[in-house]
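Step one of this worksheet: look at the structure below.
Numbering (the working numbering), first residue to last: 102 to 210.
Below, the structure written as C-alpha cells:
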C-alpha cells in the first residue's frame with residue numbers, strides 16, 4: 102500500500118475495521134480545531150529536551166502543549182499518571198536522538 106496522507110487515509114472507502122479505527126484516531130490527533138488552536142496558543146509552559154550525546158549534549162526548549170499534541174508518548178508522560186505530570190520536570194527530558202535530529206524535530210514543531 103502506498104503511504105497516504107491522513108486525509109486520504111481517513112476518507113478512503115476501502116479501509117477495513119482496525120485500520121479504519123487507527124486512521125480515524127490519527128486523523129483526529131492531527132486536525133486543527135479552533136478549540137485546539139486556542140489551547141495551544143494560550144499555553145506558555147515550556148519543556149526542555151536534551152539530546153543524547155554524552156559530550157556536549159544540546160538542550161532545546163519547546164512548548165509543552167505542542168509537544169503533547171504531536172507526541173502521544175509525551176502527552177501520556179506529561180499529562181498522565183507519571184511523576185512528570187504531577188510536578189514540572191526540573192531537568193531536561195533526555196531524548197534518544199542526536200542534536201541534529203532533535204533540532205529538526207523542534208523546528209518542525
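For each residue, glycine too, the CB sits at the ideal point set by N, CA and C.
For clarity, every value in this text was computed on a predicted model and none was experimentally measured.
* Cβ separation of residue 141 and residue 168, assumed to be a contact under 8 Å, to the nearest whole Å -> Counting from one through the chain shown, the residue named residue 141 turns up at place 40. Counting from one through the chain shown, the residue named residue 168 turns up at place 67. 10 Å between Cβ atoms; not a contact.
* Is residue 147 closer than 8 Å to residue 164 when the C-beta atoms are compared? -> Within the chain shown, the letter at position 63 stands for residue 164. Within the chain shown, the letter at position 46 stands for residue 147. Between residue 164 and residue 147, the C-beta spacing is below 8 Å.
* By Cβ distance below 6 Å, which residues in the same chain neighbour residue 196 in space, the five residues on each side in sequence not counted? -> As a first step, residue 196 is located in the chain shown; it is residue number 95 there, counting from the start. These residues qualify, in order along the chain: 150 and 203.
* **Contacting residues, own chain, Cβ-Cβ under 8 Å from residue 180 (five flanking each side not counted)** => In the chain shown, counting from the first residue as 1, residue 180 sits at position 79. Only 169 and 186 meet the Cβ criterion.
* Asked: What three-state label does DSSP hand residue 161 in the structure shown?
  -> Position 60 of the chain shown holds residue 161. Here residue 161 sits in strand by DSSP.
* **Those residues which DSSP pairs with residue 194 across a bridge** => As a first step, residue 194 is located in the chain shown; it is residue number 93 there, counting from the start. Beta-bridge pairing links residue 194 to 150.
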